[in-house]
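Here the sequence shown is numbered in our numbering, starting from 2 and rising by one per residue. Every residue gets a Cβ at the ideal spot worked out from N, C-alpha and C, and that includes glycine.
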Amino acid sequence: MILFDKPECPFCWKVRLTLTELGVDFELRNYLAPYQEDIWRPLTPNQTVPVLVTDDGVIYESDVILEYLEDLTAKLLPESIDERLKARLINKYSDTKIGAGLREVIFEKRDKPESEWDWQRINSGIHTFFSRLPFLEEKLDGQEYFTSQYSLPEAALTARFALAEAYGVEIPEQFPGLRDWFSRMKLRASFQQTAPW
Ligand SMILES: N[C@@H](CCC(=O)N[C@@H](CS)C(=O)NCC(=O)O)C(=O)O
Numbered sequence: 002m003i004l005f006d007k008p009e010c011p012f013c014w015k016v017r018l019t020l021t022e023l024g025v026d027f028e029l030r031n032y033l034a035p036y037q038e039d040i041w042r043p044l045t046p047n048q049t050v051p052v053l054v055t056d057d058g059v060i061y062e063s064d065v066i067l068e069y070l071e072d073l074t075a076k077l078l079p080e081s082i083d084e085r086l087k088a089r090l091i092n093k094y095s096d097t098k099i100g101a102g103l104r105e106v107i108f109e110k111r112d113k114p115e116s117e118w119d120w121q122r123i124n125s126g127i128h129t130f131f132s133r134l135p136f137l138e139e140k141l142d143g144q145e146y147f148t149s150q151y152s153l154p155e156a157a158l159t160a161r162f163a164l165a166e167a168y169g170v171e172i173p174e175q176f177p178g179l180r181d182w183f184s185r186m187k188l189r190a191s192f193q194q195t196a197p198w
């Protein structure tokens, strides 16, 4: 498989984490590397990465890629229907609700000198991010994983929290379950192998 990838993209990172956790061999190609855009752009009507090229076809939405990897391996989602549902819902929450606050922080800080940062935008993004953590703390409920195994929430939220941390936003102490969970995720080989820095 070939993954067209932007290292700091949270959607790409969750796919890299998942491929690595599942032990699937893949070749990583930076989406901006010489000549690569000419290859991946015509493959997707959405004009976004990740794009995964497989023997079964070209897949261009991260969540569709993850569902394909579940179809292929049957190792990514838990067995029970209620847990599969929980995994999918938290993955979606990560992409939408968690992503929304962090996007403001990252877009404001990225590629700009600190003197030009709009702190109102940054603080509002941090506030939104923090306001969305109680739901996750409750869903985790002090367990090792959000469901009975490493699944979609682990890949999706590891990428989001790590990007938050890289941009100066840590999980506050009032969320001990999430903090411990994230520390454990960072110790996994998949994290070391896929981090963009
Ligand atoms: N819904 C898409 C979102 C992917 C996305 O937004 N990717 C961004 C990077 S994070 C992208 O490729 N943007 C176009 C560009 O950077 O040229 C998915 O889940 O795959």
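The continuous stretches of alpha helix (DSSP H) do not include residue 6, which lies in the beta strand (DSSP E) extending over residues 3-6. Between the C-alpha atoms of residue 163 and residue 72 there is a straight-line separation of about 27 Å. Residue 92 sits buried, since 16 or more C-beta atoms from the chains shown fall within 10 Å of its C-beta.
Cβ contact annotation for residue 67 (same chain, cutoff 8 Å, sequence separation greater than five): 15, 16, 19, 77, 92, 153, 156, in chain order. When rounded, the separation of the alpha-carbon atoms in residue 44 and residue 175 is 44 Å. About 18 Å separates the beta carbons of residue 49 and residue 2, which is beyond the 8 Å limit, so they are not a contact pair. Assigned with DSSP and collapsed to three states, residue 133 falls in coil, not helix or strand.
Relative to ligand 1, the nearest heavy atom lies less than 8 Å away from the CB of residue 47. CA-CA distance, residue 158 to residue 178, rounds to 13 Å. Of the residues 195, 128, 147, the one whose Cα lies closest to the Cα of residue 171 is 128. Secondary structure at residue 171: coil, using DSSP grouped into helix, strand and coil. By the beta-carbon neighbour count (other beta carbons within 10 angstroms, threshold 16), residue 115 is exposed. When only Cα atoms are considered, residue 34 and residue 142 end up about 42 Å apart. Set against 8 Å, the gap from the CB of residue 11 to the closest heavy atom of ligand 1 is smaller. For residue 134, the CB contacts under 8 Å within the same chain, skipping 5 residues up- and downstream, are 172, 173, 176, 179 in chain order. In the three-state DSSP reduction, residue 143 falls in the coil class, being neither helix nor strand. Sequence-distant partners of residue 165 (beyond 5 residues in either direction) whose C-beta falls short of 6 Å from its own C-beta, in its chain, are 103. With contacts defined by Cβ atoms closer than 9 Å, residue 69 and residue 53 form a contacting pair. Assignment of beta-bridge partners to residue 50 by DSSP yields no partner. The C-alpha of residue 131 is placed about 24 Å away from the C-alpha of residue 113.
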